[in-house]
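K.L.:
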Amino acid sequence: MTNSDKPLAVVTGGSAGLGLALARGLLDRGWRVVIDGRRAELLEAAAELLRIGGADVVAIAGDVTDAGHREELAAAVGERLDLLVNNASHLGPSPQPPLAAYPLDELRRVYEVDVIAPIAVVQQLLPALTAARGIVIDISSDAAVEAYEGWGGYGSAKAALDHATRVLAAEHPDLAVYAVDPGDLRTAMHQAAFPGEDISDRPEPVTVVPAFLRLIDTCPPSGRYRAADLAGKATKNAEVGA
Ligand SMILES: NC(=O)c1ccc[n+]([C@@H]2O[C@H](COP(=O)([O-])OP(=O)(O)OC[C@H]3O[C@@H](n4cnc5c(N)ncnc54)[C@H](OP(=O)(O)O)[C@@H]3O)[C@@H](O)[C@H]2O)c1
52 MTNSDKPLAV VTGGSAGLGL ALARGLLDRG WRVVIDGRRA ELLEAAAELL
102 RIGGADVVAI AGDVTDAGHR EELAAAVGER LDLLVNNASH LGPSPQPPLA
152 AYPLDELRRV YEVDVIAPIA VVQQLLPALT AARGIVIDIS SDAAVEAYEG
202 WGGYGSAKAA LDHATRVLAA EHPDLAVYAV DPGDLRTAMH QAAFPGEDIS
252 DRPEPVTVVP AFLRLIDTCP PSGRYRAADL AGKATKNAEV GA
């Protein structure tokens, strides 16, 4: 990438939803950003939009579960990485099945994308993160904490990711390592979680970007945070979110 004076971030799943909004927010702050996503056309269209005004964006099409793709991300990053956002995620079937009837191949895919891949991306990028004493943000969900009926696949995977985040923080006190629950957001994943429902009352992803930027700016102790708390707003624990 160009201009190595600027801080560098990798945002997985940066072609849509929260990842795209976070990429925009970081670029507006003068960061360089690497984004990925499986659908190359969607990713390239997002990157073109992000580049308006000369922003420094690298888009690498691929699947975070693919080791070769993770190597491509590392090659684009080089020696120093200031921020990794493990945002790409897989909900599982829509509508979500109860655990007793959950197809196990689908469950494995949820765990592959939502647990194994974020850990694998950290493994791949750890030298660059360590060199920069960087920040890792694993995107969580309230479904990681609350036992909502029908959310046993995705929710338990996000719970596993939360715990992996805590262990990573304990093992790497030189890094800042966070799990962040963004809250309900009006995105494709949220629509898949509530098929056929009108989700137009959910906030747009851009509304939580200031909370993430506050986290990055203030660098509190490693741990689990909710975007609503970081933004200083009240949270509604009772609501189900993706
Ligand atoms: N939306 C909510 O209400 C909500 C609530 C709590 C937590 N979250 C979390 O917030 C994060 C973002 O979700 P979102 O709602 O913004 O989802 P989204 O709008 O569906 O966007 C998901 C992004 O991830 C990419 N992606 C998905 N699977 C991928 C894979 N295997 N490899 C690489 N990229 C992949 C998608 O592109 P491709 O499909 O082209 O790969 C897309 O860019 C997720 O971690 C989600 O669990 C969301």
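For the sequence shown, the residue numbers in my numbering are 52 to 293. Each residue gets a CB set at the ideal place from its N, CA and C atoms; glycine is no exception.
Going by other Cβ atoms of all chains shown within 10 Å of its Cβ, with 16 needed for buried, is Arg83 buried or exposed?
P.N.:
That one is buried.
K.L.:
Taking the straight line between their C-alpha atoms, what separation do you get for Asp117 and His141?
P.N.:
Answer to the nearest angstrom: the Cα atoms are 14 Å apart.
K.L.:
From the DSSP secondary-structure annotation, give me the bridge partner or partners of Val109.
P.N.:
Its beta-bridge partners are Val85.
K.L.:
Following the continuous beta strand (DSSP E) through Ala227, name the residue where it begins and the one where it ends.
P.N.:
Note, Ala227: beta strand (DSSP E), Ala227 to Asp232.
K.L.:
So, using beta-carbon positions, are Gly76 and Leu264 closer together than 7 Å?
P.N.:
Closer than 7 Å, so yes.
K.L.:
Any chance the CB of Gly70 is under 6 Å from a heavy atom of ligand 1?
P.N.:
The answer is yes for Gly70.
K.L.:
Grab the span of the alpha helix (DSSP H) containing Gly188 for me, first residue to last.
P.N.:
Note on residue identity: the sequence assigns Ile, not Gly, to residue 188. Counting along the chain, Ile188 falls outside any alpha helix (DSSP H), though it belongs to the beta strand (DSSP E) covering Ile186 to Ile190.
K.L.:
May I ask you to check if the CB of Ser207 is nearer than 6 Å to at least one heavy atom of ligand 1?
P.N.:
No, since every heavy atom of ligand 1 falls outside the 6 Å radius drawn around the Cβ of Ser207.
K.L.:
When the Cα atoms are used, what is the spatial distance from Gly292 to Arg253?
P.N.:
Here the model assigns Gly292 a pLDDT of 47, short of 50, so the residue's position is not dependable, and the following value carries that caveat. So the alpha carbons of these two residues sit roughly 10 Å apart.
K.L.:
Give me the residue from Val257, Ala195 and Val173 with the minimum Cα distance to Ala227.
P.N.:
Ranking Val257, Ala195 and Val173 by Cα distance to Ala227 puts Val173 first.
K.L.:
CB of Thr258 to nearest heavy atom of ligand 1: below 6 Å?
P.N.:
Not under cutoff, so the answer is no.
K.L.:
From the DSSP output, in three-state form, read off Tyr276 for me.
P.N.:
Looking at Tyr276 - three-state DSSP - the assignment turns out to be strand.
K.L.:
For Pro256, count the other beta carbons within 10 Å of its own beta carbon; 16 or more makes it buried, fewer makes it exposed. Which is it?
P.N.:
Pro256 is buried by the Cβ-count criterion.
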